[in-house]
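Asker:
Residue numbers (UniProt numbering), protein chains in the order written: chain A, 1 to 278; chain B, 1 to 67.
1) Starting from residue 244 of chain A, trace the beta strand (DSSP E) in both directions and tell me its first and last residue.
2) What does residue 31 of chain B reach in chain A if we use C-beta pairs closer than 7 Å?
3) From residue 67 of chain A to residue 118 of chain A, what does the alpha carbon distance come to, in whole angstroms?
4) Can you check which of these residues, A:242, A:246, A:227, is closest to residue 236 of chain A by C-alpha distance?
5) Given that residue 118 of chain A touches chain B, what residues does it touch there, using C-beta distances under 7 Å?
6) Residue 6 of chain B versus chain A: which residues are under 8 Å apart at the beta carbon?
7) Entirely within the region 121-203 of chain A and at least 4 residues each: give me those alpha helix (DSSP H) ranges in chain order.
8) Judging by CA-CA distance, which residue of A:218, A:71, A:63 is the nearest neighbour of residue 57 of chain A?
9) Return the residue from the list A:214, A:210, A:243, A:213 that minimises the CA-CA distance to residue 226 of chain A.
10) Could you work out which residues of chain B lie near residue 147 of chain A, taking near to mean beta carbons separated by less than 8 Å?
11) Starting from the C-beta of residue 203 of chain A, find all residues in its chain whose C-beta is less than 7 Å away, skip the five residues before and the five after it, and write them out in chain order.
12) How many angstroms separate the CA atom of residue 109 of chain A from the CA atom of residue 26 of chain B?
13) Sorted by chain position, which residues of the same chain lie with C-beta nearer than 7 Å to residue 273 of chain A's C-beta, five sequence neighbours on each side aside?
14) For chain A, is any of its Cβ atoms less than 9 Å away from the one on residue 24 of chain B?
15) For residue 5 of chain B, is the classification buried or exposed, using 16 other Cβ atoms within 10 angstroms of its Cβ as the cut-off for buried?
16) Taking C-beta pairs closer than 8 Å, name the residues in chain A that residue 45 of chain B reaches, listed in chain order.
17) If you pair each beta-carbon of the region 245-259 of chain A with each one of the region 5-17 of chain B, do three or more pairs fall below 8 Å?
18) So what's residue 1 of chain A in DSSP terms, helix, strand or just coil?
19) Identify, in the order they occur along the chain, each residue of the same chain with its Cβ nearer than 6 Å to the Cβ of residue 264 of chain A, setting aside the five sequence neighbours on each side.
20) Identify which residue in A:183, A:174, A:210, A:193 has its Cα closest to the Cα of residue 164 of chain A.
21) Restricting to Cα atoms, I'd like to know which of A:174, A:261, A:210, A:190 is closest to residue 221 of chain A.
22) Does any residue of chain B have a CB that is nearer than 9 Å to the CB of residue 122 of chain A?
23) Chain A partners of residue 63 of chain B, CB-CB under 9 Å?
24) Could you confirm whether any beta carbon from chain A is found closer than 9 Å to the beta carbon of residue 35 of chain B?
25) Take the Cβ of residue 234 of chain A as the centre, count every other Cβ of all protein chains shown within 10 Å, and call the residue buried at 16 or more, exposed below.
26) Can you give me the Cβ contacts of residue 269 of chain A inside the same chain, cut-off strictly under 7 Å, excluding the 5 residues immediately before and after it?
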């Protein structure tokens, strides 16, 4: 940041000191080759010949004993000047009131300011992104089932007082659910058959969580009738509408039913001896 | 001090801001972290402000676990 200092003290002179009787301005001390001092903040390039003026051989203003003379050596039609041009070629005075010196206030390095600017932009981005994400997820949560609906969607059942070999039918979400406390012989029967040859092959182990409790939806997979328990050719369920037979594991064995009886989601609450369906 | 700050600023700029891919990724990552932190903070403040009024604070007065 080397500031060029003129050796001569530069003065802001009036554009012309005096006029000759002919009207031509005479400025004997005018330096036509002077340049403005370069500072670190105006980006006009290094010092050297000015690039924005025409070269000397095309003419220009010169100082003669007869005053300032402007000549143009070119093939272009000469333009006659009908008015005085005011020439400002003197050095700008640094202490002029309209041009304060801001250099003490300028940042010595712009790194910090640049990092701060990007940081502020990024912070706004962070806030906007998290607001947008929160709006979307809150909106999606309004579509989820509320806690009371979820609570109604579950059914609890005391299973301690269901004797072995008995069926219980309860209503769950508007549909009957069969719960059978199977005897040991029924479990063996359900597990001994060759289930791979069935219409909807499924092993008994896949269909129950505990072997002595069979929980399934009491809706016939054919056309939605409610099968009758402890009936049919296989000792399980029998649908009276079109004669589908289900075995003691609720698998379709005979008749038009295409699939086994459906198993709902359920779990056992061991501590309270309860079965929770849903 | 000022020099350290300048170095820190330059490091942060070169690490996070220089490449737009890194910048945007960092923004989304910090948005996620900010969301989680904001939730945790607000919940902690809410629980502190309503201490003794919520069901989880007074549940033990009404329900005794029978063992």
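C-beta atoms are modelled at their ideal positions from N, C-alpha and C, and glycine is treated no differently. Please read all numbers here as calculations on a predicted model, not as lab measurements.
Answerer: In short:
1) Counted from its first residue, the first chain places residue 244 of chain A at position 244. Where residue 244 of chain A is concerned, the enclosing beta strand (DSSP E) stretches over 244-247.
2) To locate residue 31 of chain B, count along the second chain from 1; it is residue 31. Under the 7 Å cutoff, chain A gives 126, 129, 130, 133.
3) To locate residue 67 of chain A, count along the first chain from 1; it is residue 67. To locate residue 118 of chain A, count along the first chain from 1; it is residue 118. Straight-line Cα distance between these residues: approximately 58 Å.
4) In the first chain, counting from the first residue as 1, residue 236 of chain A sits at position 236. Distances from the CA of residue 236 of chain A to each of A:242, A:246, A:227 were compared; the closest alpha carbon is that of A:246.
5) The sequence position of residue 118 of chain A within the first chain is 118, counting from 1. Neighbours of residue 118 of chain A on chain B, chain order: 13, 17.
6) What you label residue 6 of chain B is simply residue 6 of the second chain in a count that begins at 1. Near residue 6 of chain B (Cβ distances below 8 Å), the residues of chain A are 109, 111, 112.
7) Segments of the alpha helix (DSSP H) lying fully in the region 121-203 of chain A: 147-152, 184-192.
8) Position 57 of the first chain, counted from the first residue, corresponds to residue 57 of chain A. Answer by Cα proximity: A:71.
9) Counting from one through the first chain, the residue named residue 226 of chain A turns up at place 226. With distances taken between CA atoms, residue 226 of chain A lies nearest to A:243 out of A:214, A:210, A:243, A:213.
10) As a position in the first chain, residue 147 of chain A is number 147, starting the count at 1. What residue 147 of chain A touches in chain B: nothing, since even the nearest Cβ is about 13 Å away.
11) Numbered from its first residue, the first chain carries residue 203 of chain A at position 203. Closer than 7 Å at the Cβ level, and outside the excluded window around residue 203 of chain A, lie 195.
12) One-based indexing of the first chain puts residue 109 of chain A at position 109. One-based indexing of the second chain puts residue 26 of chain B at position 26. Cα-Cα distance, rounded: 25 Å.
13) As a working note, residue 273 of chain A is residue 273 in the first chain. The residues are 158, 159, 160.
14) Residue numbering aside, residue 24 of chain B sits at position 24 when the second chain is read from its first letter. Residue 24 of chain B counts as touching chain A.
15) On the second chain, residue 5 of chain B is found 5 positions in, with the first residue counted as 1. It is exposed - the Cβ of residue 5 of chain B has fewer than 16 other Cβ atoms within 10 Å.
16) Looking up residue 45 of chain B in the second chain gives position 45. Within chain A, no residue comes near residue 45 of chain B; the closest Cβ sits about 17 Å away, beyond 8 Å.
17) no
18) Translated into the one-based positions of the first chain, residue 1 of chain A becomes position 1. With a pLDDT of 48 at residue 1 of chain A, under the threshold of 50, the modelled position of that residue is not reliable, and the figure given next carries that caveat. Here residue 1 of chain A sits in coil by DSSP.
19) Here residue 264 of chain A refers to the residue found at position 264 of the first chain. These residues qualify, in order along the chain: 217, 277.
20) In the first chain, the residue the question calls residue 164 of chain A occupies position 164. Here the closest residue by C-alpha is A:183.
21) Here residue 221 of chain A corresponds to residue number 221 of the first chain, with the count starting at 1. Nearest Cα to residue 221 of chain A within the set A:174, A:261, A:210, A:190: A:261.
22) On the first chain, position 122 is the one that residue 122 of chain A refers to. Closer than 9 Å: yes.
23) Along the second chain, read from residue 1 onward, the residue named residue 63 of chain B stands at position 63. Chain-order list of chain A residues neighbouring residue 63 of chain B: empty, with the shortest C-beta distance near 14 Å, by a criterion of under 9 Å.
24) Counting from one through the second chain, the residue named residue 35 of chain B turns up at place 35. So yes, residue 35 of chain B belongs to the interface.
25) Taking the first residue of the first chain as position 1, residue 234 of chain A is located at position 234. Residue 234 of chain A is buried by the Cβ-count criterion.
26) On the first chain, position 269 is the one that residue 269 of chain A refers to. Within the same chain, residue 269 of chain A has close Cβ partners 276.
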